[in-house]
Every structure is written in C-alpha cells, then in structure tokens.
Amino acid sequence: MNSMNATAIRTENMSEKVAKPVINEQPENAVITEGTTVGQPFADDPKFKLRNVEVFYGESPAIKNISLDIGRNEVIAFIGPSGCGKSTFLRCLNRMNDSIDICRVKGSLMLDDQDLYDPKRDVVELRARVGMVFQKPNPFPKSIYDNVAYGPRIHGLANRKSDLDDIVENSLRKAGLWNEVKDRLDATATGMSGGQQQRLCIARAIAVSPEVILMDEPCSALDPIATAKVEELIAEMSESYTIVIVTHSMQQAARVSDRTAYFHLGHLVEVNDTDKVFTAPDHKLTESYITGRFG
Amino acid sequence: MTNQRTQAEIVRQSLKRRYRKERRFRLYGMTAIAVALLSLVVLFTDIIGKGYTGFIKTTMTLEVVLDGEQMYLEDPTDKDQISMADFQAPIIAALQRYFPEAQSRKDVRELSRLSGNYASNQIRDLLQAQPELLGSTQTLEFLVHDTVSVYVKHADNPAYSIRLSEQQQRWVDELVEQGVVTTSFNDVFFSRGDSREPSNAGILGAIVGSLLTMLVTLVIAFPTGVAAAVYLEEFAPQNKLTDFIEVNINNLAAVPSIIFGLLGLAVFIGVFGMPRSVPVLGGLVLALMTLPTIIISSRAAIKSVPPSIREAAEGIGASKMQVVLHHVIPLAMPGMMTGSIIGMAQALGETAPLLLIGMVAFIVEVPEGFFSSATVLPVQIYQWASSAEQGFVELASAGIMILLAFMISMNGLAIWLRKRLERRW
C-alpha cells in the first residue's frame, strides 16, 4: 500500500520536474513542423476562424503560426504543458492581451467572419459577445446581486429593475447557484466558498448573454466536489454556448470537451476529437503528454 | 546508527544556539520599543507638566466704584474724554481698600501692576457700552497681570516669583487667601487671538487659521493628487516623459519644505500678486508640498488593487474608464484617503514655508475668511516659544498640546477610515 502511494507521488513529481531530460530523447515522429497541425483543426461551421496566428511578447514569440477553427456550440479543450501558450492563445479570442503593452498579435482572427483585431472594432462589444471566466474566482467585492447585475448594467441590457432582477435570477439559475443564494443576494460575494464564487463568476459572464465563454483553468483553485459542479455546468451550457476551456487536468478535458487541442512550446501540435486524443493520438508528443511522460 | 545519533546531537547543539539567538533578537526589539516608549513618556510629561497651566487663567474679582471724578470722565459718550480718561484709577482704588497702607507713588505703581494690562480697557468698554453705569458700583472680574498669574500658578516654585517685589508677593498671597484672586479654566485661551499680554492671548485665531489653510490644501491637493495618480497609473503611456515625471514627483516629496515657501513667495506673491499671510496662500503652498505625498500614496493604493478585479471587469466588457471608476478607485479609496490624511497632518505641522509667505505676522484678530490675515498653530507656537515672558512659555506648551491633539485625531481618523472602508477579497 505504502509503496503504491510512493509510486503515485513519484509519477506526479516526475511530470512536474523531471520532464526536461525526457524531451531531449524525442522519438522520430515527434518532430514539430511549424504551421502544421495533425488531426482535424478545421470545422465546417466555425464560430472562430483563426489563421496563421502569431503572438509575440516583445521580441520573443509565444504563439507560432497557429491555424484553428472553433465550431459553433462546441466545447474545445486546450491542453499542454505550462508555458505552451494555451492561455495566451485563449486570451487572443477576446483581446484580453490588449492591456499588455508588449504583446503583439499577428494573423487573421475571425469571429463569425468579422475580424477581431480590426482597429475600428470596439473591444467592449467584443467582450460582451465573448465572456471569460478566470483561473482564480474573482468576484467583485460587492453583493452577489451586484456582481451578476454589473455586466447588464454597464451594457444597458435592462431598462427596468424587474428586467434586471430577471436577468440576475436566470443567470444564477443557469449557473446552478440560485437555490444556494436566493435568500442572501445582498450578502457580499467574497464571503462565499471558492466553488460558489467560481460559479458566481460564470453567472456573471452569462448575464450579458455572450455567444462564447472562455474559461482559463476554471477549476484549478477548486476542490473535487466544486469541480464536479462546474463541470456539470459546462456540460449544460454547451447546448447554448461555444465554450473554450484551458485545463491542466486531462481527466477534465476528457470529461467535458468535444474536441481537444494539444499545445506544445507555442505550437498547436494536434487537434482531434477528445476520444481520439485520449485513446489513439496521432502525434507522438501528444501521446507522451497524455501518458504522463512529461508535463 | 552512531552516525545518526551524532547528527541528532549536532542538531540539538545548533538548536540551543538558535534559541539563544532568537532570545537575543527578541531582547533587541523589546529594548528598542522600550526606548521609544520612554522618550515618548518623557516628552509628554514634559509638555503636559509645563503646559497644563496654560489651560488655567488667574482672575481677580473686585468691587469697583465707577467714579467719574476719579477717572476724569463726565460723559462716557464723548470720544475725546474716553481717550483721556484714567480707567486704571477705580481698580487701584478697589485694591487700596484691601491694602490701605499703599499710598505712596511707588506703592500705587506696584499695585497697578497686579491687574492685567487690559483691565482698564475692560472698564472703558463697559462704560462705552452702558454709559448709565457711570457712578455706580460694579463687581467685575479682571485678568491679573502675567507675572501675578505665573506666581499664583507656581506658588511652590521660587523661579516664578522673581518678577514680583516682596511687597507685591505679600499682597497677592493676601488676595488669594481672601478669595479675591482665583484660578479657573482658561476660556480666554480658546476664544481669542494672539496678544502681547500672555494672560490675554488665545489660540483660537491660530486654530481657525490652521483649519482654513488645511481646507484650502485639502480642496486643492486631494483631487489633483488622486487625478494625477489615476492618470499616471492607469492611462499614461510608459515612456521617457512619464518616467521623467515619476522621478520628479518622487524627488519633490523629499524637497525641504522651506523651498516650497520660497516658491510661494516668488510665484504666488511675486508673479500673481496674491496678498501675504492669508490662508489661501498658505493653503496653496502646503498643497504643493503635500501633492507628491498624496500622489505617491494614491499610486501605491491603485497598484495594490488586485489585477484579478480589473480582469474580471474587462472580461465582462467594461471600458477602461468603467474599470477605473467602478472598481479601481473605490477599492483604492481607503489607501488614498489614508495617504492624504497623513500628508495633511504633515502640512498641519509645517512651519518653515509659512514663515516665508508672511503667516508669521502678529495677528490679533481671529481670521474671518480665506482672505483675511491669519497665522497657524505651529507658527503661533513658534512665536510664543520665542517670547520672553514666562506666561508665553506655558502657552507655547499648551499650544503644542492642542496641535498634538489635532494630529492624533487626524491620524485616528485615517485609521478609522481605513478600517471602515477596507474591503477584503
């Protein structure tokens, strides 16, 4: 029993720390050719049509020539080792990188055939269509009600108090939080548990009725029970939203997503149906990663 | 096995050393705090010991006969007569009833120096206001002379009796015994402006002057400072110019305050021709002095707003302006206010720049507005401390206590605001 635990722990440690030496002895079909992605990166009815995307932080490239389609109402998971660029790529999709001065984005990024990076485009309107949920739950230090109502308020989505009340209730219901908080909507949001806070952040994101929800490791700060609830929620939401989720947990990617994209050192190595990625990946690097040989 | 034992031994040895070191370190800390507390106690005892008498006034209650003949006054409504009349005479006469032996010129002179310099004015004002009182007998309360006051208040300290002759001391002792000369709470100190006579001098003028000056400082420095901080932190591009501005702001915070006084003199008085020694001018100069402190503390407060909150707001589609107005400023407000109040407390205690712009003038009137001549608390204390009369020394100490009370309440307000408005996330 003891020895088993020890092995388990060692494997985990290895995936964290002893990763580098393994990469050096790459198998021959583990070569990455820039700009080429194995599998099915393209979709028939794309919500996002991303072609030859490159991102630079100052002079150093973070994303190297990636082309990808994200289908309408699909859940796509981005996986890959730390620093592979999956979060950076995700943040291009609603231009959250704009606030970083040294960050430059090249290539063509289209949302419903409209250029995301068109200089004439208002980023505020874009973010109302493409919402985001972050790694750490980040509710505003205000009441639960105000947290959810904030988005509709600034966008002027509700003219009357009753409309706003409806939006708040619906959003909280969709986020599976209504029954837990309906009696204390005026309580401060920072007093909730971590899992509730994250679901509140999801409610806040869907309150402005976005078309796409980007999730940047939404469960990494949550315990397994809260994680299960959020995953359930993602499954429900996938009927009406396009969801892009970045995750470090491969089980999570396997559970919630339709397609999985594997990133490696700024390259998009492989995109395939989730089942295929986790059972018979096309690329050797993907296989190494999902079998825990490095991470 | 032996190897392990020795290792444990070594660890135990080193543990002992570590504990010793920790104890020593704690001792250093406690000594430092003890020294700090001791100096504070010594300082406060000294100030309070010297200054509490400043809150006590000495008065004598006399039955004066407002005898027109004695005062060379027939008609109190006649201005010429008023200016020529001898209002001191009734007071001397009243005192002579207690000391009938004092009749020689020298005795009368000494007797007349028991009452305060403004006692005769009190009779004049009374008669001017109510001319019908001429000829009547009135029981009036006069402030005693400064030398008498300190003698009474420090009865057991011979150092305070040197200004009185032995005969005067005997008289005063007699009057105290008979209950003519009494001490009470010094309401004069809190209701008047400065005076040449310590027992007649008050701090109200300086308090009002300080409040008016601080108000101007607050109104100018706080919005400007916060706006500058928000712009520099949130909107300004990062380039050579903003770097230059930042370096300069940090340098300005360390510039000796007297330089700001020179600036005020050269620019506000020299170029703009503003009047001297008015609260508006003092407030402007102190605002310039406080501005860097407010900008620096506000920027620190803005920086400490967690980036996750900004991201959250941006992620929903808030514009830059909305992020700043709805989230960053409210969350940074406690820090900004604390910094500003501390900057204001600094400005409240500032003397040097105000000396240069003429707020050191001798001003008797309590200032009535932002454009009337005024002085401020620290300058008033400085003036009293540099006066020769013993009475002013205790007033200076009393003034210091008032200033300290203001400082403590301002800092207390800062702490309360921070506690009250601080939000946790």
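Those protein sequences? They're chains A and B, same order as listed.
Each residue of the first sequence is one higher than the last, beginning at 1221 in my numbering.
Each residue of the second sequence is one higher than the last, beginning at 36 in my numbering.
Note that CB positions come from ideal geometry on N, CA and C, so glycine has one too.
query, result
"Quick one: is B:Leu267 near chain A, going by C-beta distance under 9 Å?", "no"
"Contact criterion: CB-CB distance below 9 Å. Does A:Ser1460 meet it with respect to chain B?", "no"
"Go to B:Ala335, then tell me how far its alpha helix (DSSP H) extends in each direction, as first and last residue.", "Pro314 to Lys338"
"Using a beta-carbon distance cut-off of less than 8 Å, what residues from the region 361-378 of chain B approach chain A?", "His361, His362 and Leu366"
"Helix, strand or coil for A:Lys1362 per DSSP?", "coil"
"With 9 Å set as the bound, which would you pick, yes or no: does the beta-carbon of A:Pro1339 sit closer than that to a beta-carbon of chain B?", "no"
"With a Cβ-Cβ cutoff of 9 Å, do B:Glu346 and A:Met1316 count as a contact?", "yes"
"Mind the definition here: the region 1267-1284 of chain A touches the region 1498-1515 of chain A only if three or more C-beta pairs lie below 8 Å; say whether that holds.", "no"
"With 8 Å as the C-beta to C-beta threshold (strictly closer), list the residues of the region 1312-1325 of chain A near chain B in chain order.", "Asn1314, Met1316, Ser1319 and Asp1321"
"List the endpoints of the continuous alpha helix (DSSP H) containing B:Met95.", "No alpha helix (DSSP H) holds B:Met95; the beta strand (DSSP E) holding it covers Ile91 to Val100."
"Could you give the DSSP three-state label for A:Cys1164: helix, strand or coil?", "Residue 1164 of chain A is absent from the structure shown; chain A starts at 1221 and stops at 1515."
"Given a limit of 9 Å on CB to CB distance, which residues of the region 243-277 of chain B reach chain A?", "Pro272 and Gln273"
"Identify the contact partners of B:Gln425 in chain A, using a Cβ-Cβ distance below 7 Å as the criterion.", "In chain order: nothing, as chain A lies at least about 58 Å away."
"Going by C-alpha to C-alpha distance, which of A:Glu1400, A:Met1330, A:Ala1282 and A:Leu1288 sits closest to A:Thr1257?", "A:Leu1288"
"Taking 9 Å as the CB-CB limit, is A:Phe1298 close to chain B?", "no"
"Residues of chain B with a CB under 8 Å from the CB of A:Ala1425: which are they?", "Gly350 and Ile351"
"If B:Gly244 and B:Pro314 are in contact, beta carbons under 8 Å, what's the gap, nearest whole angstrom?", "6 Å"
"Among all the DSSP beta bridges, which residues are the ones paired with A:Ile1465?", "A:Ala1297 and A:Met1435"
"Using only the alpha-carbon positions, how far apart do B:Phe406 and B:Arg61 sit?", "55 Å"
"Please report the distance separating the alpha-carbon of A:Phe1276 from that of A:Val1325.", "7 Å"
"Nearest chain A C-beta to B:Ala409 closer than 9 Å, yes or no?", "no"
"Between the region 319-348 of chain B and chain A, which residues of the former have a C-beta closer than 7 Å to a C-beta of the latter?", "Ser343, Ile344, Glu346 and Ala347"
"Taking A:Glu1279 as the reference, which of A:Pro1301, A:Cys1323 and A:Leu1405 has the closest Cα?", "A:Cys1323"
"Can you pull the chain B neighbours of A:Val1344, defined as C-beta to C-beta under 7 Å?", "Gly352 and Ser354"
"Which term fits B:Met65, buried or exposed, when burial requires 16 or more other beta carbons within 10 angstroms of its beta carbon?", "exposed"
"If the criterion is Cβ atoms closer than 9 Å, does the pair A:Pro1301 and B:Leu366 meet it?", "no"
"By alpha-carbon positions, which one of B:Tyr87, B:Gly170, B:Tyr133 and B:Leu162 ends up nearest to B:Lys188?", "B:Tyr87"
"Closest by CA to B:Pro327, which one among B:Ile197, B:Leu267, B:Leu316 and B:Leu130?", "B:Leu267"
"Counting only beta-carbon atoms, is A:Ile1518 nearer than 9 Å to chain B?", "No answer is possible for residue 1518 of chain A: the residues shown for chain A start at 1221 and end at 1515."
"Excluding the 5 residues flanking B:Tyr107 on each side, which residues of the same chain have their C-beta closer than 7 Å to its C-beta?", "Met119, Ala120 and Asp121"
"In whole angstroms, what separates the C-alpha of A:Thr1511 from that of A:Asn1358?", "33 Å"
"Across the region 166-173 of chain B and the region 97-112 of chain B, are there enough close Cβ pairs to call them in contact, namely three or more that are closer than 8 Å?", "yes"
"Among B:Leu239, B:Gly260, B:Leu73 and B:Ala353, which one has its Cα closest to the Cα of A:Val1350?", "B:Ala353"
"Residue range of the beta strand (DSSP E) that A:Asn1492 falls in?", "His1487 to Asp1493"
"Please go through the same chain and pick out, in chain order, the residues whose beta-carbon is closer than 7 Å to the beta-carbon of A:Gln1343, but skip the five residues on each side of it.", "The sequence shown places Val at residue 1343 of chain A, rather than the Gln named in the question. Counting only Cβ-Cβ distances below 7 Å, and skipping sequence neighbours, we find Arg1315 and Asp1318."
"Would you say B:Thr94 and B:Val179 are within 9 Å of each other, going by their C-beta atoms?", "yes"
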